[in-house]
Amino acid sequence: METDTSASSPEATARISGRVRSKDGAMLQGAEVTCNQIRTRTLADGSYILKDLRPAEYKVTISLQGFKPTSRSIIIRGGEDVVQDFLLTGATGTARIYGQVLDAESKKIANQMGTVILILPTTNRYRNVDEDGYYEFDNLPAGRYAVSTSISGYEDESAVQPIAEGETKKIDFFCRPRRTEEPPWG
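Residue numbers for the sequence shown, in our numbering: 1402 to 1587.
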């Protein structure tokens, strides 16, 4: 994501750069980097750069879904390049997403051979569907979550759900049976 961070003054030659990683060492792509009124995101290697900054004190904040945000104050002097790496620790919360996976045609339990996936920035969470077609993800921090199904014999379905701290949301999936067609011979 390219962000214009240039200041209007010709003396603005300083920069802040670094990498953002998780506690287990994974480089974090897509983390939001906020520096005063400037916003950018980390690249695939966890790197970020804030260019053309004037001498001043800056508050740099890093945030990414599923992690606790962290901030640091950095003082920039004229022409100075500062390297500041950040380490994010996982966040837990009290929100919960649950539901059932049902056959779209019969409205009965789709299949007990399947998984529901909570899509996260670094490591997805998986839940096998139980005998009642039920799944549940708990201890979620507030955020916007993508949830997807992978059920044997059915087309995948997905939904995106914002959720607040302490909130419980029900997402039922109605999956269509996968149709297989024989190729014409001849």
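Positions of the beta carbon are idealized from the N, C-alpha and C atoms, including for glycine.
The residues Asn1512, Pro1578 and Arg1579, in chain order, have a CB closer than 7 Å to that of Gly1554 in the same chain once the five nearest residues on each side in sequence are set aside. In the DSSP assignment, the residues bridged to Arg1422 are Met1428 and Leu1488.
Straight-line measurement puts the Cα of Leu1521 at about 20 Å from the Cα of Thr1462. Looking only at Ile1498, Tyr1449 and Ile1518, the smallest Cα-Cα distance to Gly1567 is reached by Ile1498. Its Cα nearest to that of Arg1442, the residue Leu1465 stands out among Tyr1459, Leu1465 and Asn1525. Assigned with DSSP and collapsed to three states, Pro1584 falls in coil, not helix or strand. Pairwise C-beta distances place the region 1414-1430 in contact with the region 1443-1463, as three or more of them are shorter than 8 Å. DSSP places Val1530 outside both helix and strand once states are collapsed to three, so it counts as coil.
Between the region 1532-1545 and the region 1490-1505, the count of C-beta pairs closer than 8 Å reaches three or more; the two stretches touch. Your pair Thr1516 and Asn1529 checks out as a contact, with CB atoms roughly 6 Å apart and the cut at 8 Å. Taking 8 Å as the upper bound for CB-CB distance, Leu1503 and Phe1574 are in contact here, some 7 Å apart.
When rounded, the separation of the alpha-carbon atoms in Ile1439 and Glu1433 is 10 Å.
Ile1572 and Arg1545 have their alpha carbons spaced roughly 13 Å apart. In the DSSP assignment, the residues bridged to Gly1500 are Tyr1536. Comparing alpha-carbon positions, the option among Asp1531, Met1514, Ser1559 and Asp1486 lying closest to Thr1471 turns out to be Asp1486. By the neighbour-count definition (other C-beta atoms within 10 Å, threshold 16), Val1421 is a buried residue.
Annotated three-state conformation of Ile1475 is strand, per DSSP. Ser1559 has Ser1549 as its beta-bridge partners, per DSSP. Arg1416 and Asp1482 have their alpha carbons spaced roughly 5 Å apart.
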